[in-house]
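Visitor: Quick note, the sequence shown lines up with residues 70 to 447 if you use our numbering. Note that the Cβ used here is the ideal one computed from N, Cα and C, for glycine as well.
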Amino acid sequence: MDIQAGDISASREKTIVRTSVIGIAANVLLAAFKAVVGLMTASIAVTLDAVNNISDAGSSVITIVGTKLAAKEPDKKHPFGYGRIEYLSAMMIAVIVLYAGVTSFVESVKKIIHPETPEYSAVSLGIVAVAVVVKIVLGRYVKGVGEKVNSDALINSGKDATLDSVISASTLAAALISVISHISLEAWLGAVISGVIVKSGLEMLKDTISQILGERNDADLAQAIKDTVREFPDVQGAYDLVLNNYGPDKWNGSVHIEVPDTYTAERLDTLQREITMKVLEKHNVLLTAIGIYSVNTKDEDVIRIREDIDRIALSHEHVKQTHGFYLDRQRKAIRFDVLISFNAADRRAVYTDVIGDVRKSWPDYDVQVSMNTDFSEE
């Protein structure tokens, strides 16, 4: 199982590195051609576009370094591995894009104040046109690979390349206007392009910071894992799934399951191990803990009581579910969990109200209620 996961990780790493190398080669060539055109024609827009290609090549280098570091094996200092470095590399790319946008805006403003009229040739226009096509193809390719291997750094690089194709197309349009009407829109276009780059950089930065802080569980993945767990005989429910992300496609988690109260420790141990292996094999998620809820099988009145408590709890707004119900007549105890939505203005107040209402209906029982969270709630 571990060997298979390692093979998948190694294949993913090679794919990211190979794609990044292609990106570096393409951007360096484009930057060289554009730099020559920019210097020959005195075009600030083309020159800034060349600089932007160099920053894109730098982004690909960061992606390679980040991917290599993220692939390091866990150690004593970082027992969960180094996968989150990929998020840091994606954030660095976003910062580079942001810096490029701010720098280009400053240079564009200077040219607005002190304008220069560029002189284009058919060759220079042809180079810019080819650059547009190359960037469109490169952007789609890199972004597509990034989505396939779940690499935010590649996705950001692909988005940036697509944005560059729009920038190059705008530069070409401005050049054609300059040739036809002798009206130079270079500096103004540079300012507009800079604004688009800054906006893109801020959006990338926002997304990567959100991932580093920790986002909700992927709803589809969470549901798929619960479905897999519920496939096991006697597992009557799977709840409280928590997934901890330690880098793209690197998940640890825990879950609670409902099983009959007649289960022995030996049967529970076997079941937990089988569930852990199945989830790892099917979803590449390691369940580090499986909690147990026991389900009454010896008291026929329990079903009615559980239905009554469900009705009471669900009558409160923002209560999504109750689970883990168990009634112990000998100890006069009722215990269950209540799932309360993040949409509630005060989740603690809802929880307190539910406990109060249940205790009113069963005053002779010790009511033990835990408040749960749906970490994949949309």
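1. Counting only runs that start and end within the region 290-369, where is the alpha helix (DSSP H) found for 4 or more residues in a row?
2. Between which two residues does the alpha helix (DSSP H) containing Asp443 stretch?
3. Please report how far the alpha carbon of Val178 lies from the alpha carbon of Asn321, in whole angstroms.
4. Hey, how far is the Cα of Ile409 from the Cα of Asp289?
5. Who are the near neighbours of Ala382 in its chain, counting only those whose CB is closer than 6 Å to its CB and skipping five residues on each side?
6. Are there 16 or more other CB atoms within 10 angstroms of the CB of Glu386, so buried, or fewer, so exposed?
7. Please classify Pro317 as buried or exposed, where buried requires at least 16 other C-beta atoms within 10 Å of its C-beta.
8. How many Å lie between Ile294 and Leu396 at the Cα?
9. Using a threshold of 8 Å, state whether the C-beta atoms of Tyr362 and Arg153 are closer than that.
10. Can you tell me whether DSSP reads Ala414 as helix, strand or coil?
11. In angstroms with no decimal places, state the Cα-to-Cα distance between Val197 and Arg87.
12. Three Cβ pairs or more, each shorter than 8 Å: is that satisfied between the region 145-165 and the region 250-263?
13. Taking 8 Å as the cut-off, decide whether the C-beta atoms of Ile133 and Met161 are in contact.
14. How far does the beta strand (DSSP E) with Lys389 in it reach, from first residue to last?
15. Have a look at Val438 and Gly127 and give me their C-alpha separation to the nearest angstrom.
16. Considering only residues of the same chain and omitting the five flanking positions on each side of Val377, which have a CB-CB separation below 8 Å?
17. Skipping 5 residues on each side, what residues in its chain have a beta carbon closer than 6 Å to that of Asp71?
18. Within the 8 Å Cβ cut-off, does Lys351 reach chain B?
19. Check whether the Cβ atoms of Ala94 and Ala104 sit closer than 8 Å, and answer yes or no.
20. Please work out which residues of its chain come closer than 8 Å, Cβ to Cβ, to Leu99, disregarding the five sequence neighbours upstream and downstream, and give them in chain order.
21. If we ignore side chains and look at the alpha-carbon of each, how far apart do Glu350 and Ile224 end up?
22. Would you tell me roughly how many angstroms separate the C-alpha atoms of Ala140 and Arg81, rounded to the nearest one?
Guide: Taking the coordinates as given:
1. 334-352
2. Counted from its first residue, the sequence shown places residue 443 at position 374. Counting along the chain, Asp443 falls outside any alpha helix (DSSP H), and DSSP gives it neither H nor E.
3. Your numbering for residue 178 matches position 109 in the sequence shown. Your numbering for residue 321 matches position 252 in the sequence shown. Spanning the two alpha carbons is a distance of roughly 50 Å.
4. Taking the sequence shown and counting its residues from 1, one reaches residue 409 at position 340. Taking the sequence shown and counting its residues from 1, one reaches residue 289 at position 220. Rounded to the nearest angstrom, the two C-alpha atoms are 20 Å apart.
5. In the sequence shown, the residue the question calls residue 382 occupies position 313. Cβ within range, chain order: Val388, Thr391, Val407 and Val423.
6. As a first step, residue 386 is located in the sequence shown; it is residue number 317 there, counting from the start. Exposed, because fewer than 16 other Cβ atoms sit within 10 Å of the Cβ of Glu386.
7. Taking the first residue of the sequence shown as position 1, residue 317 is located at position 248. By the 10 Å Cβ count, Pro317 comes out buried.
8. By 1-based counting over the sequence shown, the position of residue 294 is 225. By 1-based counting over the sequence shown, the position of residue 396 is 327. Between Ile294 and Leu396, the C-alpha separation is close to 28 Å.
9. Translated into positions along the sequence shown, residue 362 becomes position 293. Translated into positions along the sequence shown, residue 153 becomes position 84. No, the pair does not count as a contact, with Cβ atoms beyond the cut-off.
10. One-based indexing of the sequence shown puts residue 414 at position 345. Ala414: coil per DSSP, three-state reduction.
11. Position 128 of the sequence shown, counted from the first residue, corresponds to residue 197. Position 18 of the sequence shown, counted from the first residue, corresponds to residue 87. Cα to Cα, the separation comes out at about 26 Å.
12. no
13. Mapped onto the sequence shown, residue 133 falls at position 64. Mapped onto the sequence shown, residue 161 falls at position 92. No.
14. Walking along the sequence shown from the start, residue 389 turns up at place 320. Counting along the chain, the beta strand (DSSP E) containing Lys389 begins and ends at Val388 to Asp397.
15. Numbered from 1 along the sequence shown, position 369 holds the residue referred to as residue 438. Numbered from 1 along the sequence shown, position 58 holds the residue referred to as residue 127. Approximately 54 Å, taken between the alpha carbons.
16. Indexing the sequence shown from 1 puts residue 377 at position 308. A quick correction: the sequence has Asp, not Val, at residue 377. So the list reads Ser430, once near-sequence residues are dropped.
17. Taking the first residue of the sequence shown as position 1, residue 71 is located at position 2. Reliability of the predicted coordinates at Asp71 is poor, the pLDDT of 48 falling under 50, and no value is obtained from them.
18. Protein chain content of the structure displayed is limited to a single chain, and chain B is not contained in it.
19. Indexing the sequence shown from 1 puts residue 94 at position 25. Indexing the sequence shown from 1 puts residue 104 at position 35. No, they are not a contact pair.
20. In the sequence shown, counting from the first residue as 1, residue 99 sits at position 30. These residues qualify, in order along the chain: Ala119, Asn122, Ala200, Val203 and Lys204.
21. Numbered from its first residue, the sequence shown carries residue 350 at position 281. Numbered from its first residue, the sequence shown carries residue 224 at position 155. Answer to the nearest angstrom: the Cα atoms are 27 Å apart.
22. Sequence index remark: in the sequence shown, residue 140 carries index 71 (1-based). Sequence index remark: in the sequence shown, residue 81 carries index 12 (1-based). Going by the C-alpha atoms only, they are around 10 Å apart.
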